[in-house]
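Q:
Number of protein chains: 2
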Amino acid sequence: MIVFGVRTPSRRATLSGTGSEPVDDPGARPMSLARIHNFSISLDGFATGEPQTLETPFGHAGQRLHRWMMATRYWDPSGTAGVDDAFAERHGPGIGAEIMGANKFGPPGWQDDPDWRGWWGPNPPFHTPTFVLTHRPRSPIEMEGGTTFHFLDASPAEALEVARAAADGQDVRIGGGATVVRDFLAAGLVDHMHLVQVPIVLGRGVRLWDGLEALEAGYAVESVSSPSGVTHLTFTREA
Amino acid sequence: MIVFGVRTPSRRATLSGTGSEPVDDPGARPMSLARIHNFSISLDGFATGEPQTLETPFGHAGQRLHRWMMATRYWDPSGTAGVDDAFAERHGPGIGAEIMGANKFGPPGWQDDPDWRGWWGPNPPFHTPTFVLTHRPRSPIEMEGGTTFHFLDASPAEALEVARAAADGQDVRIGGGATVVRDFLAAGLVDHMHLVQVPIVLGRGVRLWDGLEALEAGYAVESVSSPSGVTHLTFTREA
């Protein structure tokens with residue numbers, strides 16, 4: 001008889017066919033991972049266009065980098081339920097905190113507006129502690145739905161430590177934008193990255209890839225193209 | 001009875017279900033196309049590493065950009081015969097001439113070596129007139145197997161006109177490197193482009209994408225990932 005043992009107290013689902021108690025081995029407890037999801041880039045590697053303003057958060061890219069996601073059931077109940085949706089919906093489960101850059105939280109200059117509370121209305125789609133990296137921190141803002149914005153002036157490694165403590169054993173999502181993703185990758189802090197390559201050439205904006213020579217070393221890289229035209233790339237840290 | 005009509009003088013096969021004679025309309029003769037095949041780039045868009053030397057024609061990229069091709073039956077009779085091979089073998093058929101850049105023909109400084117005859121030995125894999133773009137033209141070199149190297153100091157449009165005349169009704173392959181491909185794309189001269197995206201981050205070298213904002217306009221773009229790990233992208237000019 002084949003026995004499927006459950007090795008950990010982690011949330012990660014494992015199979016047990018035995019009825020025996022799982023072995024709780026704290027030494028083998030998986031670490032809280034740093035994960036990137038649904039990070040969309042153009043063929044030439046830009047994760048946003050320019051200029052980024054209140055009216056055009058992605059600059060001349062408009063919504064073109066994210067249309068693939070808006071077409072899925074994850075975004076719209078009448079949307080598609082294929083490979084795009086399978087990737088999109090991994091954004092939330094298992095995440096206990098998010099880290100984002102100042103340019104994701106608001107348009108240039110939001111630091112001068114004491115009433116700015118992000119783009120997302122009273123109930124932002126994070127539902128966890130959310131850490132905004134900025135050189136001008138302010139007091140936390142508690143939103144509806146479980147999102148609290150905290151403001152940190154910290155290095156990637158320091159921010160990840162703080163976010164992990166807040167994530168209560170769950171994973172931390174590195175939410176972007178491109179500069180933050182690049183900084184965390186360059187610091188070797190990312191365990192899993194899901195990119196979505198959209199078949200457009202933006203030509204200008206903020207590019208993901210700069211300074212990341214040999215990024216693939218230490219990751220298993222997979223790619224799969226979708227009938228929608230985008231290609232999903234996953235980087236998973238090798239043991 | 002279904003009749004397969006050949007709509008010559010083009011080699012392109014068309015289907016006719018009518019039983020009527022094919023209409024030979026010189027005005028509708030498909031133009032000789034400018035095509036790019038098997039052009040391999042890293043995730044960050046580099047088609048070669050650096051430095052390019054006699055010993056390392058692709059710089060620090062080594063052979064990593066082309067391993068996918070060496071694993072196919074196109075390259076090696078015992079190789080794979082799947083999607084990578086299906087794309088690879090389209091390199092030759094229907095091509096009547098090639099245009100390449102000076103940096104594809106030889107390492108930096110080859111213009112100072114009167115005996116340089118390319119990387120490819122006495123029987124190069126082109127088997128057609130092959131036009132090398134250089135500001136220092138020399139006399140043509142006739143090789144074995146149908147390849148003759150001609151040296152041109154010309155703009156992309158001028159070179160394409162010369163190559164088309166030599167291609168005798170067939171298509172012209174734009175053979176690279178990255179600078180030449182980019183120049184032909186920027187000039188709007190490319191009808192079909194097949195890129196192969198290899199899951200490595202080179203970080204430096206010669207990048208394809210610079211200056212090509214909105215390249216996708218006017219092309220149908222498809223992508224398909226291969227079990228080998230690369231992703232094939234095709235840009236086909238829309239009618």
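Taken in order, these protein sequences are the chains called D and H.
When we follow UniProt numbering, the leftmost residue of the first sequence carries the number 1, and every step to the right adds one.
When we follow UniProt numbering, the leftmost residue of the second sequence carries the number 1, and every step to the right adds one.
Where is the CB? At the ideal position from N, CA and C, for every residue including glycine.
Computed from a prediction, not measured in an experiment: that's the story for all the values here.
(1) Check each residue of the region 42-62 of chain H: if its Cβ is closer than 8 Å to any Cβ of chain D, include it; give the result in chain order.
(2) In chain D, what lies closer than 9 Å to ARG204/H by C-beta?
(3) Indicate the three-state DSSP secondary structure (helix, strand or coil) for GLY94/D in the structure shown.
(4) Between which two residues does the beta strand (DSSP E) harbouring GLU158/H extend?
(5) Please classify ASN38/D: is it buried, with 16 or more other beta-carbons within 10 angstroms of its beta-carbon, or exposed?
(6) Going by Cα to Cα distance, which pick from MET70/H, ALA86/H, PHE87/H is closest to GLY79/H?
(7) Tell me whether HIS135/H is buried or exposed, calling it buried when 16 or more other Cβ atoms sit within 10 Å of its Cβ.
(8) Does the structure place the region 54-67 of chain D close enough to the region 208-219 of chain D that three or more beta carbon pairs sit under 8 Å?
(9) Pair every Cβ in the region 84-94 of chain D with every Cβ in the region 138-146 of chain D, then say whether three or more of these pairs are closer than 8 Å.
(10) Quick check on DSSP: helix, strand or coil for LEU185/D?
(11) On the premise that TRP75/H lies in contact with VAL196/H, defined as a C-beta separation below 8 Å, what is that separation, rounded to the nearest angstrom?
(12) Assuming ALA34/D is part of the alpha helix (DSSP H), what are its boundary residues?
(13) Where does the unbroken alpha helix (DSSP H) through VAL224/H begin, and where does it stop?
(14) Considering Cα atoms alone, identify which of ALA217/D, ARG207/D, LEU152/D is closest to SER40/D.
(15) Helix, strand or coil for VAL83/H, going by three-state DSSP, please let me know.
(16) What residues of chain H sit near SER225/D, judged by a beta carbon separation below 7 Å?
(17) LEU215/H and ALA61/H: beta carbons closer than 8 Å?
(18) Distance check for PRO199/D and LEU185/H, CA to CA, integer angstroms please.
(19) Alpha carbon to alpha carbon, what distance is there between ARG64/H and GLY94/H?
(20) My understanding is that THR179/H touches PHE149/H, with C-beta atoms under 8 Å, so please give their C-beta distance in whole angstroms.
A: So, from the data block:
(1) Cβ proximity to chain D below 8 Å picks out LEU43, ASP44, GLY45 from the region 42-62 of chain H.
(2) Neighbours of ARG204/H across chain D, judged by C-beta separation under 9 Å: GLU213.
(3) In this structure, GLY94/D counts as coil in the three-state DSSP scheme.
(4) Segment 156-167 is the alpha helix (DSSP H) holding GLU158/H; no beta strand (DSSP E) there.
(5) Classification for ASN38/D: buried.
(6) Distances from the alpha-carbon of GLY79/H to those of MET70/H, ALA86/H, PHE87/H put MET70/H closest.
(7) Residue burial is scored here from C-beta neighbours: HIS135/H has fewer than 16 other C-beta atoms within 10 angstroms and is therefore classed as exposed.
(8) With the rule of 3 Cβ pairs closer than 8 Å, the region 208-219 of chain D does not count as touching the region 54-67 of chain D.
(9) Short answer: they don't touch.
(10) Assigned with DSSP and collapsed to three states, LEU185/D falls in helix.
(11) Incorrect: roughly 13 Å between the Cβ atoms, too far for contact.
(12) Note, ALA34/D: premise wrong, no alpha helix (DSSP H); beta strand (DSSP E) at 34-42.
(13) That residue, VAL224/H, is in no alpha helix (DSSP H); its beta strand (DSSP E) goes 219-225.
(14) Checked all of ALA217/D, ARG207/D, LEU152/D; the closest Cα to SER40/D is ARG207/D.
(15) Helix, per DSSP.
(16) Around SER225/D, the beta-carbon contacts reaching into chain H at under 7 Å are SER223, VAL224, SER225, THR231.
(17) The criterion of a C-beta distance shorter than 8 Å is not satisfied by LEU215/H and ALA61/H.
(18) Between the alpha carbons of LEU185/H and PRO199/D lies a gap of roughly 16 Å.
(19) If I take the Cα positions, the gap works out to 28 Å.
(20) In this structure THR179/H does not touch PHE149/H by the C-beta definition: roughly 19 Å separates them, more than the 8 Å allowed.
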